[in-house]
């Protein structure tokens, strides 16, 4: 750990002592003593600490290495909190072998999406995030996330968010909120939330639910058959799916 964070051994021992003294971590649950031998075959009891101690140390030490470690850890934790999972994107981008474990991981993620209480649009973007080449900063990702809400509304009604509020609402306050907003992205999000809560009937909500279920089933089937799906694949799959239903919507 001294080498990892590039600080003196005494610094590591000081912080470990403080971690246990403050009750942040129970010592018995994270430390194991193992008999080791040096070059002269002298045997010593050496303490080994698990990852929980290393993480706690990283948030206490202020060396350059510790700061880099914290940045990495924070990124991982953020992905877990926001997405509910983490994929090793660099491993996939670098062309390393994608094995059964990768697809099992994707199937686990899909099960998590199925049981989550996230909105319809969020579930579809969650599916998109499982793309093996996923890049949150890519132009295709930004466009996909920006367009998905209006596409869903148009999918079940044949109308845009503004058109739904104009034709279905007698509530001037809600209409003003959605039509006078100057920020396009905020307008689209606000319109989507208001519409799904107040303007779609049960049949339309059921259609949305079926759409998400079908896309999840498709994602699950592709993973079970070990089919890699990239960002462009998901963009084309969703677009084709929306287009294939337009005749039904406009009847």
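In our numbering, the protein residues as written are 2 to 252.
Each residue gets a CB set at the ideal place from its N, CA and C atoms; glycine is no exception.
For the beta strand (DSSP E) holding residue 200, just list the boundary residues, first then last.
Per DSSP, residue 200 belongs to no beta strand (DSSP E) and is neither H nor E.
Report the residue from 236, 200, 52 whose alpha carbon sits nearest the alpha carbon of residue 33.
52
What are the boundary residues of the alpha helix (DSSP H) that residue 31 is part of?
Secondary structure note for residue 31: its alpha helix (DSSP H) is the uninterrupted segment 28-31.
Identify the residues that DSSP records as bridge partners of residue 45: which are they?
37
If you draw a straight line from the C-alpha of residue 10 to the C-alpha of residue 110, how long is it?
40 Å
Just the C-alpha distance for residue 119 and residue 108, rounded to the nearest angstrom, thanks.
The alpha-carbon separation between residue 119 and residue 108 amounts to approximately 18 Å.
Less than 7 Å between C-beta atoms, sequence neighbours within five positions excluded: which residues of the same chain meet that for residue 235?
Closer than 7 Å at Cβ, skipping near neighbours: 128, 129, 132.
Go ahead and label residue 57 buried or exposed: buried means 16 or more other beta carbons lie within 10 angstroms of its beta carbon, across all protein chains shown.
buried
Once DSSP output is grouped into helix, strand and coil, what is the label at residue 97?
Interpretation of residue 97 is limited by its pLDDT of 45, a score under 50 that renders its predicted location unreliable; the figure taken from the coordinates is listed afterwards. In this structure, residue 97 counts as coil in the three-state DSSP scheme.
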